[in-house]
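Q: Going by UniProt numbering, the letters in the sequence shown line up with residues 1 to 589, in that order.
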Amino acid sequence: MKVVLQPCALAVGILVLGGLLLVRDQLLAQSTSEPDVADLLLQTRRMDAKLERLTASLENLQAELSKPVEADRDASRVSEVEPGQLLELTQLQDKVKALERSLHSQVKQGNSQPHAESDAAGSEKGGSTLSQTADVRAEEAAIQAKCPKRSPFHGLMTAQASVYQQWQARIMYYHWKKQKALGGECTDMAGFTRLAATEGGKPDGLESEIPSVFVEQLSEEVMMSHFHFGVLNRPHSILKLLASSEMLEQLTSSFVLILETDHVIMKPIPNLATPRTPAGWVFGYMHGHAGQDSVVKKYWPEGSGADLDPVGPSPLLIHLDQLRLVAPRWMEFSLGLRSDKSAERVMQGWVQEMWGYTIAAASLGIKHRLVREMQVEASSLSHNIPVDFPKMAYIFHYTYGIEYTADGKPQGINQIGEWSLDKRHYGGDHPPRNLEPPPDGANAAARWLLNAWNEASANIPNWPQSKSMGTYGWRRQPATAATIARSGTATRVVGTRWTWAGNEGFDFLPEGQLKTPWGVGTWGIVTSKQSANDGRTEDGIFKCTDCLFADFANANHNLRFNFDVSPYRFTSHRVGDMAEVNGEFLRRL
């Protein structure tokens with residue numbers, strides 16, 4: 001077997017190797033026993049800049065290797081390489097890759113815990129996923145051989161171990177697998193890893209379903225000092241990942257697509273990035289302006305709000321070399337912004353970690369490809385959404401609740417709908433299977449997302465029996481004279497006193513006011529709809545026709561009344577865990 005190469009290719013490879021050796025030796029010659037953080041950060045940036053230049057040379061070499069050979073090509077312009085020389089070149093490339101990993105490992109010693117410690121943590125906390133790496137890499141290598149023009153990327157979903165994020169992660173991974181399959185063998189969508197921050201870095205049980213690695217979440221002290229801003233675990237987790245060679249082995253590609261649990265992939269995603277230009281989505285609320293200059297200059301003295309790309313760290317397609325470069329500043333700036341009162345006035349508090357990323361990227365000269373079709377964030381207030389909108393964007397980000405009245409009109413800004421599809425309803429419980437579809441008049445986004453949830457929950461094994469309501473019943477409007485008049489149950493209950501678990505003083509007052517032994521609350525009529533979709537038998541919550549709600553002590557309760565017994569009675573089911581309480585009629589007030 002003979003392979004045709006450009007004459008200079010091997011020389012370029014040797015230069016790359018020599019350059020990496022030189023950079024490594026410069027780094028190892030410096031003591032890191034008592035590192036100065038600022039100096040080490042500067043070293044990191046300089047080393048990564050050199051590495052990027054050297055990587056470009058290596059890419060040129062690899063490009064030469066991949067060029068097709070033409071049978072009638074002028075022999076004077078090529079040289080033939082015998083198998084022994086090809087083996088030598090392959091070994092050279094392997095050494096380059098090993099030195100690149102060694103270089104980054106040494107650099108990161110100054111930015112996080114010692115490397116050996118990180119490797120141990122990765123081995124211990126990676127769960128069963130680490131053992132699957134060899135098979136995944138072998139599969140990827142076989143695909144790449146068949147599809148040489150493919151530019152693969154690895155899906156990297158950052159998460160925490162709450163039930164709230166677990167069910168979202170399960171839906172997300174289901175649709176990742178679906179769209180990867182639809183993309184065909186040569187799709188750029190490659191491996192997938194859930195990067196989960198957990199207490200003590202312990203596995204949370206999803207690793208057998210979703211390939212996962214685990215890192216220790218930020219301490220309670222750090223969270224308290226930054227107003228319990230949980231999303232700070234995102235840059236923290238990525239720094240931990242980059243510091244662990246064993247966890248990095250999970251990544252099957254040199255590009256990653258950083259994803260969130262509340263993303264649903266709508267169609268196969270191509271690699272939209274290059275080694276020097278990451279790709280991100282344009283967030284409407286992330287456009288920098290002059291009013292932010294003073295805050296930006298605290299972290300980047302030469303910069304201004306106008307210099308910032310209107311992107312965040314997710315969805316983000318980025319080369320690992322650039323991610324290594326930006327991650328330390330991303331973490332540093334995010335922590336600083338979250339504890340900066342002046343920043344709070346000009347940068348929305350709930351996205352300060354996103355601002356931390358975009359300032360960090362701009363400060364390093366990283367400019368993004370702005371991909372407007374990368375995702376969609378739709379709600380009931382989104383108008384003129386075509387039925388085929390899933391063909392026009394790659395990701396559905398369900399950050400907003402979708403809220404409609406029963407007759408299909410948008411419920412209004414910051415209002416829960418009579419029909420409601422909102423991830424926030426399920427903070428401690430999985431959504432039910434077979435959620436009731438939206439009313440006529442709802443937009444295409446509502447129907448598509450509802451179907452995406454239903455499809456995933458129906459096909460994921462061991463999806464638990466939910467104890468929460470579906471898409472109806474979440475609007476808890478206090479009873480009014482008009483709504484009471486339309487409900488036979490409410491008419492009989494208003495102005496009466498009952499017991500609650502044997503405790504007297506549970507009073508249903510006019511205008512939806514509720515008085516209890518544990519404080520005041522509200523009561524009203526549960527919005528419900530008979531649904532053939534919902535096969536659950538516990539109808540105290542799910543099929544509660546003409547039920548009342550009684551919400552107090554930070555809990556929602558659905559009450560079913562029985563007026564065929566003496567004294568009258570009700571049975572209450574608490575939304576979320578189905579805890580049951582009985583009550584009895586005492587007297588009219």
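Built from N, CA and C at the ideal position, the CB exists for glycine as well.
Here the structure is a predicted model, which is why all the values come from computation and not from measurement.
Are the CB atoms of phenylalanine 396 and valine 264 nearer to each other than 8 Å?
A: Cβ distance < 8 Å, so phenylalanine 396 and valine 264 count as in contact.
Q: Who does phenylalanine 561 pair with in a DSSP beta bridge?
A: Phe570
Q: For lysine 180, count neighbouring Cβ atoms within 10 angstroms of its own Cβ and tell me buried if that reaches 16, exposed if not.
A: buried
Q: With C-beta atoms as the reference, is glycine 336 less than 8 Å away from valine 311?
A: no
Q: With distance defined between alpha-carbon atoms, name the residue in Ser379, Ser244 and Ala169 nearest to alanine 442.
A: Ser379
Q: What are the boundary residues of the beta strand (DSSP E) that includes leucine 449?
A: Here leucine 449 belongs to no beta strand (DSSP E); instead the alpha helix (DSSP H) covers 444-459.
Q: Just to confirm, are residue 641 and arginine 338 a CB contact at a threshold of 8 Å?
A: Outside the modelled stretch of the chain, which goes from 1 to 589, sits residue 641, for which no answer is possible.
Q: One question on the structure: do arginine 492 and phenylalanine 570 come within less than 8 Å of each other, judged by their Cβ atoms?
A: no
Q: State the Cα-Cα distance for the pair glutamate 580 and glutamine 165, rounded to the nearest angstrom.
A: 27 Å
Q: What does DSSP give as the partner residues of arginine 372 in its beta bridges?
A: Paired residue(s): none; arginine 372 is not in a bridge.
Q: Taking the C-alpha atoms as reference points, what is the distance between alanine 327 and arginine 433?
A: C-alpha of alanine 327 to C-alpha of arginine 433: approximately 39 Å in a straight line.
Q: Check phenylalanine 389 in the structure and name its three-state DSSP category.
A: helix
Q: Near valine 387, what residues of its chain come up, given a Cβ to Cβ distance below 7 Å and the 5 sequence neighbours on each side ignored?
A: The beta carbon of valine 387 lies closer than 7 Å to those of Ala444 in the same chain, with the five residues before and after it left out.
Q: As a quick exercise: from Gly519, Gln513 and Asp546, pick the residue whose alpha carbon is nearest that of serine 528.
A: Asp546
Q: Terminal residues of the continuous beta strand (DSSP E) containing arginine 475?
A: Annotation for arginine 475: no beta strand (DSSP E) segment contains it, and DSSP assigns it neither H nor E.
Q: Counting along the chain, where does the beta strand (DSSP E) carrying lysine 178 start and finish?
A: Annotation for lysine 178: no beta strand (DSSP E) segment contains it, though the alpha helix (DSSP H) segment containing it runs 163-182.
Q: Are residue 598 and alanine 169 closer than 8 Å when you measure CB to CB?
A: A question about residue 598 goes unanswered here, because the residues of the chain that appear run from 1 up to 589.
Q: Can you round the beta-carbon distance between leucine 308 and glycine 288 to whole angstroms, since I take them to be within the 8 Å contact cut?
A: 4 Å
Q: Can you find the residues in the same chain that come closer than 6 Å, C-beta to C-beta, to glutamine 352, ignoring five residues on each side of it along the sequence?
A: Leu337 and Arg338
Q: I need the DSSP call for serine 212, collapsed to helix, strand or coil.
A: strand
Q: Round the Cβ separation of alanine 273 and leucine 317 to the nearest angstrom and send it over; I've been treating them as touching at under 8 Å.
A: Right, the Cβ-Cβ distance comes to about 4 Å (below 8 Å), so this counts as a contact.
Q: For methionine 189, report the span of its beta strand (DSSP E) as first-last.
A: 189-198
Q: What residue does the beta strand (DSSP E) around glutamate 584 start on, and which one ends it?
A: 580-588
Q: Three-state secondary structure (DSSP) at asparagine 467?
A: Residue 467 is actually lysine in this sequence, not asparagine. Coil, per DSSP.
Q: Give me the DSSP bridge partner(s) of leucine 259.
A: Here leucine 259 is bridged, per DSSP, to Met157.
Q: So, under 8 Å CB-CB, arginine 476 and phenylalanine 549 are touching, yes? Tell me the CB distance rounded to an integer number of Å.
A: About 6 Å separates the CB atoms of arginine 476 and phenylalanine 549; that is less than 8 Å, so the two are in contact.
Q: Keeping to the same chain, check which residues put their C-beta closer than 8 Å to that of threonine 193; ignore five residues upstream and five downstream.
A: Thr129, His154, Gly155, Leu156, Met157, Pro211, Ser212, Val213, Gln250 and Leu251
Q: If we ignore side chains and look at the alpha-carbon of each, how far apart do valine 376 and lysine 267 end up?
A: Taking the CA atoms as reference points, valine 376 sits about 12 Å from lysine 267.
Q: Just verifying my parser: in three-state terms, what is the DSSP assignment at serine 420?
A: Correct three-state label for serine 420: strand.
Q: Write down the C-beta distance between leucine 421 and threonine 471 rounded to the nearest angstrom, noting that I regard them as a contact closer than 8 Å.
A: 6 Å
Q: Methionine 347 to leucine 381, Cα distance in whole Å?
A: Our two residues, methionine 347 and leucine 381, have alpha carbons roughly 24 Å apart in a direct line.
Q: Given aspartate 577, which residues of its chain have a CB within under 6 Å of its CB, disregarding the five upstream and five downstream residues?
A: Lys467
Q: Which residue wins for smallest C-alpha separation from glycine 291, given the options Ala197, Arg345 and Val282?
A: Arg345
Q: For histidine 557, which residues in the same chain have their Cβ closer than 8 Å to its Cβ, ignoring the five residues on either side in sequence?
A: Residues of the same chain with a CB within less than 8 Å of the CB of histidine 557, apart from the 5 flanking positions on each side, are Phe549, Ala550, Asp551, Ser572, His573, Arg574, Val575 and Val581 in chain order.
Q: Using DSSP with H/G/I as helix, E/B as strand and the rest coil, what is glutamate 332?
A: helix
Q: Please state whether DSSP places tryptophan 355 in a helix, a strand or coil.
A: helix
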